[in-house]
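**Q**
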Amino acid sequence: MNDHFTEALQKMMLSQQPRSHRHRLTRKEHLQIHEKGVAGVRKILAAGRFQLSQTFANRAPHSSKASLANLQRITLSQLTQDTVHYGCVLVCRTVVAPVKYTAVQVVVEDPIVNGPRTPKEDVVVDRLSLYNFVDFTGVREDTSEWLPVGTRLLIKEPYYKVASDGVPMIRCDNPGDVVLVPNEEVDRPLLAGLRWADTLPIVYGPIGNRSGESAEGLKRNGNEQFGRKEYVAAIASYTRALEVEPGSAIVLSNRAQAYLKLEQFQQALDDVEAALKIDDGSVKTRLRYAKALYGSRKYEEASVVLQKLVQLDAKITEINELHLKAQGRIAEQHHGQYKMFDIFQEARTTHPPYLDHADHVGPVRITAIPGKGRGIVTTRDVLEGTLILCSKAYAVVFEDELDANLIKISIDHSDKSMTNTPHIVARIAKRIQKEPWTAKELYELHAGPDIPPMEFVDGEVPQIDIERIKNIVRANNFQPDDAFYPQAPSNDKSSATKSRDDFQSGTGLWILPSLLNHSCVPNAIYIIVGDLLFVRAMQNIPKDNEVCVPYLPCTNTYNERVKKLKARSFRCSCQLCVFERAHPSHARETRQRLLKEHERLRDRIRTGDPAMIPPLTNIIAQLRDTYPPLPTTSLLLSPTTLPPHQLRLGLIHPLISLYHLRASSGDFESAVAILRDVFEMQPRCGDLTVNRVDIAMAIARMCDALGEEMEKRRWMRVSENECEIIYGEGEGKRVWREVFSKDVEMMGSD
Numbered sequence: 001m002n003d004h005f006t007e008a009l010q011k012m013m014l015s016q017q018p019r020s021h022r023h024r025l026t027r028k029e030h031l032q033i034h035e036k037g038v039a040g041v042r043k044i045l046a047a048g049r050f051q052l053s054q055t056f057a058n059r060a061p062h063s064s065k066a067s068l069a070n071l072q073r074i075t076l077s078q079l080t081q082d083t084v085h086y087g088c089v090l091v092c093r094t095v096v097a098p099v100k101y102t103a104v105q106v107v108v109e110d111p112i113v114n115g116p117r118t119p120k121e122d123v124v125v126d127r128l129s130l131y132n133f134v135d136f137t138g139v140r141e142d143t144s145e146w147l148p149v150g151t152r153l154l155i156k157e158p159y160y161k162v163a164s165d166g167v168p169m170i171r172c173d174n175p176g177d178v179v180l181v182p183n184e185e186v187d188r189p190l191l192a193g194l195r196w197a198d199t200l201p202i203v204y205g206p207i208g209n210r211s212g213e214s215a216e217g218l219k220r221n222g223n224e225q226f227g228r229k230e231y232v233a234a235i236a237s238y239t240r241a242l243e244v245e246p247g248s249a250i251v252l253s254n255r256a257q258a259y260l261k262l263e264q265f266q267q268a269l270d271d272v273e274a275a276l277k278i279d280d281g282s283v284k285t286r287l288r289y290a291k292a293l294y295g296s297r298k299y300e301e302a303s304v305v306l307q308k309l310v311q312l313d314a315k316i317t318e319i320n321e322l323h324l325k326a327q328g329r330i331a332e333q334h335h336g337q338y339k340m341f342d343i344f345q346e347a348r349t350t351h352p353p354y355l356d357h358a359d360h361v362g363p364v365r366i367t368a369i370p371g372k373g374r375g376i377v378t379t380r381d382v383l384e385g386t387l388i389l390c391s392k393a394y395a396v397v398f399e400d401e402l403d404a405n406l407i408k409i410s411i412d413h414s415d416k417s418m419t420n421t422p423h424i425v426a427r428i429a430k431r432i433q434k435e436p437w438t439a440k441e442l443y444e445l446h447a448g449p450d451i452p453p454m455e456f457v458d459g460e461v462p463q464i465d466i467e468r469i470k471n472i473v474r475a476n477n478f479q480p481d482d483a484f485y486p487q488a489p490s491n492d493k494s495s496a497t498k499s500r501d502d503f504q505s506g507t508g509l510w511i512l513p514s515l516l517n518h519s520c521v522p523n524a525i526y527i528i529v530g531d532l533l534f535v536r537a538m539q540n541i542p543k544d545n546e547v548c549v550p551y552l553p554c555t556n557t558y559n560e561r562v563k564k565l566k567a568r569s570f571r572c573s574c575q576l577c578v579f580e581r582a583h584p585s586h587a588r589e590t591r592q593r594l595l596k597e598h599e600r601l602r603d604r605i606r607t608g609d610p611a612m613i614p615p616l617t618n619i620i621a622q623l624r625d626t627y628p629p630l631p632t633t634s635l636l637l638s639p640t641t642l643p644p645h646q647l648r649l650g651l652i653h654p655l656i657s658l659y660h661l662r663a664s665s666g667d668f669e670s671a672v673a674i675l676r677d678v679f680e681m682q683p684r685c686g687d688l689t690v691n692r693v694d695i696a697m698a699i700a701r702m703c704d705a706l707g708e709e710m711e712k713r714r715w716m717r718v719s720e721n722e723c724e725i726i727y728g729e730g731e732g733k734r735v736w737r738e739v740f741s742k743d744v745e746m747m748g749s750d
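For the sequence shown, counting from 1, position 728 maps to 728 in UniProt numbering; every step adds exactly one.
1) Enumerate in chain order the residues of its own chain whose CB-to-CB distance from residue 176 is below 6 Å, with the five nearest sequence positions on each side excluded.
2) By how many angstroms is the C-alpha of residue 630 removed from the C-alpha of residue 450?
3) Between the alpha carbons of residue 725 and residue 735, how many angstroms are there, rounded?
4) Quick check on residue 169: does DSSP put it in helix, strand or coil?
5) Inspect the beta-carbon positions of residue 612 and residue 600 and report whether they are closer than 8 Å.
6) Can you grab the Cα-Cα spacing for the pair residue 692 / residue 154, in whole Å?
7) Spatial neighbours of residue 548 within its chain, please: CB distance less than 7 Å, with the 5 preceding and 5 following residues excluded, ordered by chain position.
8) Ordered along the chain, which non-local residues of its own chain (more than five positions away) have a Cβ less than 6 Å from that of residue 358?
9) Using C-beta distances below 7 Å, list every residue in its chain close to residue 415, excluding the 5 sequence neighbours before and after it, in chain order.
10) For the beta strand (DSSP E) that contains residue 508, what are its first and last residues?
11) What do you get for residue 467, buried or exposed, if any count of 16 or more other CB atoms within 10 angstroms of its CB means buried?
12) Between residue 394 and the rest of its own chain, which residues show a CB-CB distance below 6 Å, the 5 nearest in sequence each way excluded?
13) Check each candidate in 481, 441, 460 and name the one with the smallest Cα separation from residue 472.
14) Beta-carbon within less than 6 Å of residue 396's beta-carbon, same chain only, minus the 5 sequence neighbours each way: which residues are those?
15) Write down every uninterrupted run of the beta strand (DSSP E) in the region 132 to 202 whose length is 3 residues or greater and which is fully enclosed by it, in chain order.
16) Go through the region 666 to 747 residue by residue and report every complete run of the alpha helix (DSSP H) that reaches 4 residues or more, in order.
17) Can you tell me whether residue 577 is helix, strand or coil according to DSSP?
18) What span of residues does the beta strand (DSSP E) with residue 664 cover, start to end?
19) Three or more beta-carbon pairs under 8 Å between the region 213 to 221 and the region 177 to 191, yes or no?
20) For residue 248, name the three-state secondary structure that DSSP assigns.
21) May I have the straight-line CA-CA distance separating residue 338 from residue 127, to the nearest angstrom?
22) Rounded to a whole number of angstroms, what is the C-alpha to C-alpha distance between residue 201 and residue 149?
23) Taking a contact to mean a Cβ-Cβ separation below 8 Å, would you say residue 183 touches residue 61 in this structure?
24) Could you check how far apart the C-beta atoms of residue 98 and residue 144 are, in whole angstroms? I think they sit under 8 Å.
25) Kindly confirm or deny that the region 739 to 748 and the region 693 to 700 touch, where touching means at least three C-beta pairs closer than 8 Å.
26) Among residues of its own chain, excluding the 5 on either side of residue 485, which ones have a beta-carbon nearer than 7 Å to its beta-carbon?
27) Per DSSP, residue 365 is paired with what?
28) Rounded to whole angstroms, what's the CA-CA distance from residue 614 to residue 592? Just pull it up for me.
29) Let me check understanding here. Comparing Cα to Cα, which of 196, 71, 225 lies closest to residue 156?
30) In terms of residue numbering, what span does the beta strand (DSSP E) encompassing residue 109 cover?
31) Taking residue 263 as the reference, give the member of 433, 660, 283 with the closest Cα.
32) Buried or exposed for residue 196, please, with buried defined as at least 16 other CB atoms from any protein chain shown within 10 angstroms of its CB.
33) If we ignore side chains and look at the alpha-carbon of each, how far apart do residue 495 and residue 354 end up?
34) Taking the alpha helix (DSSP H) that residue 341 belongs to, which residues open and close that run?
35) Could you have a look at residue 226 and say whether DSSP puts it in helix, strand or coil?
36) Per the DSSP calculation, residue 558 is bridged to which residue(s)?
Okay, structure coming up:
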């Protein structure tokens, strides 16, 4: 890894050389470099070898806010290094099949002002890198499906720079700044007076004028393209057929089906509604109407359409199945009735796990929280275990979607940071392109301390803003993982919850959950299952109280938490932080040192070596001394306040280690006493919620070994109840019985 990184930095230094040290490459040189890149991708795909993919940005990604009508044409030869060409638009076309590495890379050429024919060597060419242009991950040898050879492009306010390999390029971070001109279009003002060199066998102009095809022929072409799963091309053929013969219900319905395949549900909805105004008797079109409504999450409207179709013909399996699914989504959307156990199973067998379920908003509302911006509060008294919300991801990239042999790093010179977020940024940008009406809710999210809130103009659709998207992802991302998936408990639950700041391979953005503020000892947890994020109350939450979740494990030391939260530009004032902040600094430092010492002993402790009991007991005794003494009398606490003994979280993992040593040596009475203390010490929050399930069951096992039948059954019920609080009534029992199936078989159950 170090060698790769050194090479990357050397390339970066090379890229900073002034333009005067280079010559403009010829067409032949550009094509050779491009082919070399394609060959490199072939090797990666063939050998599956490790590759470091890096991109260096000298400035924040530029997103043009200008309209094409206000831009002046600039040519490739007029581009200046390290410059964003404000007020300009580059007119060019692709001359090779593009390759996808970090970005989509392609060679483009200038047009020619109308006049005498010019040899192709005299036409200026250059390299174009399109970042965030496609939403799939990994490398690909040929991306002509998205950018066919000969595609004419209008690039708004192009940025010209030297790439990490020392070759100049046009870099475009915002797919919204790239306009693809259809081959049929020739009357665009920016193309006036221009022609193209005779380098490609492509003729531009209306299809009908070139081929004389009829609407029927164009529809047939579209059907053939649809059959080959060329949905974008099929839409283009159907669109042209409608231009030749407007008002064809069949073509509108067929185009809607192509939009459905691309999950462009609003466009599909527009087409089927238009088709049904012409012919409302087509069962096929009405089924597509129901699918478009379902895909748009308008489940009740979809159910009404499907109910009428069922009455017409109850034998059509597809209609019955979709109607049943719509009923399930209505139950989820309005009543929060999720079959959690089945959803876990679905996520395990779906790759990647994009799941078909509805959003749900429970007894909460959005409001301003003093000192925090927006947050979420309860609208009534909420009991522990209540589902607060379920949200589908706005965009998510899962680990199994990524190329395991490609590490993709973006080094941003504007803030000297290194990130691994290009995949999710590209996916968000493509969603905005596909569904621009969703941009407002995205851009309303906090984008960090340096990005001011966006101002919206009524009637205007916000444009893609890559810099804002990057900062929104940094401030609001969640990590999809299996921390709460039903699984047999391990002996070590020290890090069940990942930090939201730990950028692993996969990451996602959920709109409503992004408004949940942090607490180190929160009153709710979030569980990510596939692209669904569930939030459930872990304590009784009074009306108008804020719902908080953890951004990092609550068992992190005070100093660790402060450091990570400082990166998010805020200081936590939760009960745990206030409690620990009041301790002398030397006590916190001693606690951190002792916990590191415990970590160093972990490997020997796992072997069950009884020689580890004295040093571990000594560590625990010293840890206790870093906390103030517990009160000798009961305190009158508010419903939202944790008792003092549940704030001594640094003791938990060392005590669990001591339990394992005692149990391994056969001292079950001491082991079960330790576990009872740990259970009472652990609040139901963050990464400790699942621990409570496991520890209660471990106590039951110890009681079984000691022959304490009633205590065994009591602690089994406690474990099951904790599971119900995490996963929901009924569903928690199903999860519990799967996780502890062997225990239930051996020890029995009520």
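Glycine included, each C-beta is placed from N, C-alpha and C at the ideal position.
**A** Based on what the coordinates show:
1) Working through the sequence shown from its first residue, we reach residue 176 at position 176. A distance below 6 Å between beta-carbons, with the five flanking residues on each side excluded, links residue 176 to the following residues of its chain, in chain order: 463, 464.
2) Position 450 of the sequence shown, counted from the first residue, corresponds to residue 450. Position 630 of the sequence shown, counted from the first residue, corresponds to residue 630. For residue 450 and residue 630, the distance between alpha carbons rounds to 43 Å.
3) In the sequence shown, the residue the question calls residue 725 occupies position 725. In the sequence shown, the residue the question calls residue 735 occupies position 735. Distance between the alpha carbons of residue 725 and residue 735 is about 11 Å.
4) On the sequence shown, position 169 is the one that residue 169 refers to. In the structure shown, residue 169 sits in a strand (DSSP, three-state: E or B).
5) Counted from its first residue, the sequence shown places residue 612 at position 612. Counted from its first residue, the sequence shown places residue 600 at position 600. No, these two residues do not count as a Cβ contact at 8 Å.
6) To locate residue 692, count along the sequence shown from 1; it is residue 692. To locate residue 154, count along the sequence shown from 1; it is residue 154. Computed Cα separation, rounded: 59 Å.
7) One-based indexing of the sequence shown puts residue 548 at position 548. Excluding sequence positions up to five before and after residue 548, its CB lies within less than 7 Å of the CB of 516, 517, 518, 519, 522, 523, 524, all in the same chain and listed in chain order.
8) The sequence position of residue 358 within the sequence shown is 358, counting from 1. Same-chain partners within the cutoff: 329, 332, 333.
9) For this step, residue 415 is matched to residue 415 along the sequence shown. Confidence at residue 415 is low in this model, with a pLDDT of 47, below 50, so the placement of that residue should be treated as unreliable; the coordinate-derived value is given next. Nothing meets the Cβ criterion.
10) Within the sequence shown, numbered from 1, the residue matching residue 508 stands at position 508. Per DSSP, the unbroken beta strand (DSSP E) holding residue 508 starts and ends at 507 to 509.
11) Looking up residue 467 in the sequence shown gives position 467. Buried.
12) Numbered from 1 along the sequence shown, position 394 holds the residue referred to as residue 394. Take residue 394, set aside five residues on each side of it, and the residues of its chain with a beta-carbon closer than 6 Å to its own are 509, 511, in chain order.
13) For the purposes of this step, residue 472 is taken as residue 472 along the sequence shown, with counting starting at 1. Nearest option by C-alpha distance: 441.
14) Mapped onto the sequence shown, residue 396 falls at position 396. Once the five neighbours on either side are set aside, the close Cβ partners of residue 396 are 508, 531.
15) Secondary structure within the region 132 to 202: the beta strand (DSSP E) runs of 3 or more consecutive residues, fully enclosed, are 152 to 156, 159 to 162, 168 to 172, 178 to 181 (chain order).
16) Listed in chain order, the alpha helix (DSSP H) runs fully inside the region 666 to 747 are 668 to 681, 688 to 705, 709 to 727, 731 to 739, 741 to 747, counting runs of at least 4 residues.
17) Numbered from its first residue, the sequence shown carries residue 577 at position 577. In this structure, residue 577 counts as helix in the three-state DSSP scheme.
18) As a first step, residue 664 must be located in the sequence shown, where it is residue number 664. Residue 664 -> not in any beta strand (DSSP E); alpha helix (DSSP H) instead, spanning 652 to 664.
19) As far as the Cβ criterion goes, the region 213 to 221 does not touch the region 177 to 191, which means the pair count is below three.
20) Walking along the sequence shown from the start, residue 248 turns up at place 248. In the structure shown, residue 248 adopts coil according to DSSP, grouped into three states.
21) In the sequence shown, the residue the question calls residue 338 occupies position 338. In the sequence shown, the residue the question calls residue 127 occupies position 127. Straight-line spacing of the CA atoms in residue 338 and residue 127 works out to 51 Å.
22) Indexing the sequence shown from 1 puts residue 201 at position 201. Indexing the sequence shown from 1 puts residue 149 at position 149. If I take the Cα positions, the gap works out to 10 Å.
23) Residue mapping note: residue 183 aligns to position 183 of the sequence shown, counting from 1. Residue mapping note: residue 61 aligns to position 61 of the sequence shown, counting from 1. Taking 8 Å as the Cβ cut-off, residue 183 and residue 61 do not qualify as a contacting pair.
24) Against the sequence shown, residue 98 aligns to sequence position 98. Against the sequence shown, residue 144 aligns to sequence position 144. Taking C-beta atoms under 8 Å as the contact rule, residue 98 and residue 144 qualify, at a distance of about 7 Å.
25) Counting C-beta pairs closer than 8 Å gives three or more between the region 739 to 748 and the region 693 to 700, which meets the contact rule.
26) The residue given as residue 485 occupies position 485 in the sequence shown. The beta carbon of residue 485 is closer than 7 Å to those of 344 in its chain, skipping five residues each way along the sequence.
27) As a first step, residue 365 must be located in the sequence shown, where it is residue number 365. Bridge partners of residue 365 according to DSSP: 377.
28) Position 614 of the sequence shown, counting from 1, holds the residue named residue 614. Position 592 of the sequence shown, counting from 1, holds the residue named residue 592. Between the C-alpha atoms of residue 614 and residue 592 there is a straight-line separation of about 20 Å.
29) What you label residue 156 is simply residue 156 of the sequence shown in a count that begins at 1. If we check each option's Cα against that of residue 156, 71 comes out closest.
30) Here residue 109 refers to the residue found at position 109 of the sequence shown. Counting along the chain, the beta strand (DSSP E) containing residue 109 begins and ends at 104 to 109.
31) For the purposes of this step, residue 263 is taken as residue 263 along the sequence shown, with counting starting at 1. Of 433, 660, 283, the smallest CA-CA separation from residue 263 is found for 433.
32) Along the sequence shown, one-based indexing puts residue 196 at 196. Flag for residue 196 reads buried.
33) Residue mapping note: residue 495 aligns to position 495 of the sequence shown, counting from 1. Residue mapping note: residue 354 aligns to position 354 of the sequence shown, counting from 1. Residue confidence for residue 495 is low, a pLDDT of 40 falling below 50, so the modelled location carries little weight; the figure read from the coordinates is stated next. When the Cα atoms are used, residue 495 and residue 354 turn out to be separated by approximately 26 Å.
34) Position 341 of the sequence shown, counted from the first residue, corresponds to residue 341. For residue 341, the enclosing alpha helix (DSSP H) has its first and last residue at 340 to 349.
35) Looking up residue 226 in the sequence shown gives position 226. Secondary structure at residue 226: helix, using DSSP grouped into helix, strand and coil.
36) Mapped onto the sequence shown, residue 558 falls at position 558. For residue 558, DSSP assigns no beta-bridge partner whatsoever.
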